[in-house]
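>
Residue numbers (our numbering): 15 to 286.
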């Protein structure tokens, strides 16, 4: 099947919505590895859906899931035909409702509800460190350092200008997840990688900043000492105009370009 025909078949929208079988998911993932234009189309679809639904507020989780289940039960792949319009956004309108409920937006909404819990957890760690400072058995210098780091992270992720970006698991590891807190004012991005499995010996997770058109990856660095890091929060400099973030598993020391077949998580910046 030609690449353009494959893109127009509607299977990429179903992939984002999570409505495909395991075999179909692997087929799409294989096409993404072989054809960069297929990967770029997937990112553009997710970006278009987020643009369409910006500002949506979902508060009734039970009702929301019921609608999602109803859509999943009736969804099927249909062939999409090109129109004379050059605006791809209109080509995704027919898919918006099901993809919003069953795909990336659902993930974003569910993950964003956990922000307060993460803030509370960090606040508790902050309090715990302050208590430790009163103990005679504690190394005061180490405690002050940890306390300062925790306060810096807490301040960054609660800043109103910080952009929260959930990263969903991909075909190589669907159960994986991560979360980025991008502070563009200070050119920093904080990555919570607690949802990733421990990398095998000789491997390391590498973080990428992505622009979508054209698809351009820029390495932000590697998550070194992953096993030894207790909270799995890593800080990277990011002076890029990021539209998405991705995490791949690479050989120790990192790679010049991302290994797509080892793409563990991926997420689009909401206001990109």
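A virtual CB, placed ideally from N, CA and C, is assigned to each residue, including glycine.
I'd like the list of long-range same chain contacts for residue 56, defined as Cβ closer than 6 Å, with 5 residues on each side in sequence excluded.
Within the same chain, residue 56 has close Cβ partners 26.
> Which first and last residues belong to the alpha helix (DSSP H) in which residue 48 is found?
That run of the alpha helix (DSSP H) goes 36-48.
> Is residue 175 closer than 8 Å to residue 199 when the C-beta atoms are compared?
Yes. Within cutoff.
> I'd like to know whether the C-beta atoms of residue 258 and residue 283 end up nearer to each other than 8 Å.
Contact: yes.
> For the beta strand (DSSP E) that residue 261 lies in, which residues bound it at each end?
Segment 258-265, the beta strand (DSSP E) holding residue 261.
> Using 8 Å as the threshold, is the C-beta distance between residue 169 and residue 193 below it?
Not a contact, by the Cβ cut-off of 8 Å.
> With 8 Å as the threshold, decide whether the Cβ of residue 228 is near any Cβ in chain D.
Within the model displayed, chain D is absent; a lone protein chain is all it includes.
> Kindly identify the DSSP beta-bridge partner or partners of residue 213.
Looking at the DSSP assignment, residue 213 forms no beta bridge with any residue, so it has no partner.
> Can you tell which of 268, 260, 265 has the C-alpha that lies nearest to the C-alpha of residue 53?
Ranking the options by Cα distance to residue 53, first place goes to 260.
> Would residue 280 and residue 209 qualify as a contact pair, given that the criterion is a beta-carbon distance under 8 Å?
Contact: no.
> Please go through the same chain and pick out, in chain order, the residues whose beta-carbon is closer than 7 Å to the beta-carbon of residue 98, but skip the five residues on each side of it.
At residue 98 the pLDDT is 40, less than 50, meaning the model places this residue with poor confidence; the figure from the coordinates comes in the next sentence. Nothing meets the Cβ criterion.
> What runs of the beta strand (DSSP E), each 3 residues or longer, lie entirely inside the stretch 190-235?
Segments of the beta strand (DSSP E) lying fully in the stretch 190-235: 191-197, 202-206, 217-226.
> In whole angstroms, what separates the C-alpha of residue 212 from that of residue 251?
Cα to Cα, the separation comes out at about 23 Å.
> Please name the residue or residues paired with residue 280 in a DSSP beta bridge.
DSSP, once it has assigned bridges, lists 182, 260 as partnering residue 280.
> Using a Cβ-Cβ cut-off of 6 Å (strictly less than) and excluding sequence neighbours within five positions of residue 275, which residues of its own chain qualify?
So the qualifying residues of the chain are 47.
> What does the Cβ neighbour count give for residue 223, buried or exposed, with the cut at 16 atoms within 10 Å?
Burial call: buried.
> What first and last residue would you give for the alpha helix (DSSP H) that runs through residue 25?
Unbroken alpha helix (DSSP H) run through residue 25: 25-31.
> In angstroms, rounded to a whole number, what distance separates the CA positions of residue 35 and residue 142?
The straight-line gap from Cα to Cα measures roughly 46 Å.
> Assuming residue 202 and residue 265 make a contact with CB atoms under 8 Å, what is their CB distance in whole Å?
That pair is no contact at about 26 Å.
> By DSSP's criteria, residue 287 is part of a beta bridge. Which residues make up the other side?
Only positions 15 to 286 of the chain appear in this structure, which leaves residue 287 out of reach.
> Secondary structure at residue 270, three-state DSSP: helix, strand or coil?
Looking at residue 270 - three-state DSSP - the assignment turns out to be coil, as it is neither helix nor strand.
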